[in-house]
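Chemist:
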Amino acid sequence: DIQMTQSPASLSASLGETVTIECRASEDIYNGLAWYQQKPGKSPQLLIYNANSLHTGVPSRFSGSGSGTQYSLKINSLQSEDVASYFCQQYYDYPYTFGAGTKLELK
Amino acid sequence: QVQLQQSGTELVKPASSVKISCKASGYTFTSNYMHWIRQQPGNGLEWIGWIYPGNGNTKYNQKFDGKATLTADKSSSTAYMQLSSLTSEDSAVYFCAVGFAYWGQGTLVTVSS
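Chains as they are written, first to last, in our numbering: chain A, 118 to 224; chain B, 122 to 234.
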């Protein structure tokens, strides 16, 4: 199985700050990567697919980048509603696998 | 708009089975893969498998072979997941998701005697 290593596990940032979350795959996943946001008690919401494509309706302060085994999610100008957990997922190969998540809090 | 409405919370006994439903609307049910995902308490996400309702084809995470069975009813646009031989390890929230773009609200399954 492809292992997805996500960092950091938790992150504290101030409003307006830029935040970056990293995800490393155990092998090349050829941009088959998605990012999700999950708030407590809610289902995950798709933010980014194909490593850098913004899902419909997602604010443009979210962006994804990367290639090969290294990928990142950037949140520009952090807003209070961005407080959540974030997960990466590879869908290049079966079984699809997720990172362990990053919990983002306000400083 | 795409909506996935899942069945309610289940409290079930060890060694029993449970069947969760996911009723879809707002898109062509038969032309999109329906995925199922597990989230154990305090843990991350695990992909269980998918079903293609148009022809009933399925693909499972090997970890869930023999544990989960995915089916779909085209007449009611509803996908189902049956979980068998339940243990406390199966206590989790289970999600359906169409193409991973749209998710159901989740179904909590608690296995306890």
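All C-beta atoms, glycine included, are put in the ideal place defined by N, C-alpha and C.
#1: Counting pairs of beta carbons, one from the stretch 175–185 of chain B and one from the stretch 209–226 of chain B, are three or more of them closer than 8 Å?
#2: Verify the CB distance criterion: does A:G218 have a CB-CB separation below 8 Å to chain B?
#3: Between B:L207 and B:V232, is the Cβ-Cβ spacing less than 8 Å?
#4: Interface residues of chain A around B:N182 at Cβ under 7 Å?
#5: Give the secondary structure of B:D194 by DSSP, where H, G and I count as helix, E and B as strand, and everything else as coil.
#6: On the three-state DSSP scale, how would you describe B:F216?
#7: DSSP beta-bridge partners for B:Y223?
#8: Taking the CB atoms as reference points, tell me whether A:T214 and A:S202 lie closer together than 8 Å.
#9: Would you mind stating whether A:Q123 and A:A217 have Cβ atoms separated by less than 8 Å?
Modeler: Taking the geometry as given:
#1: no
#2: yes
#3: yes
#4: P212
#5: strand
#6: strand
#7: B:V219
#8: no
#9: yes
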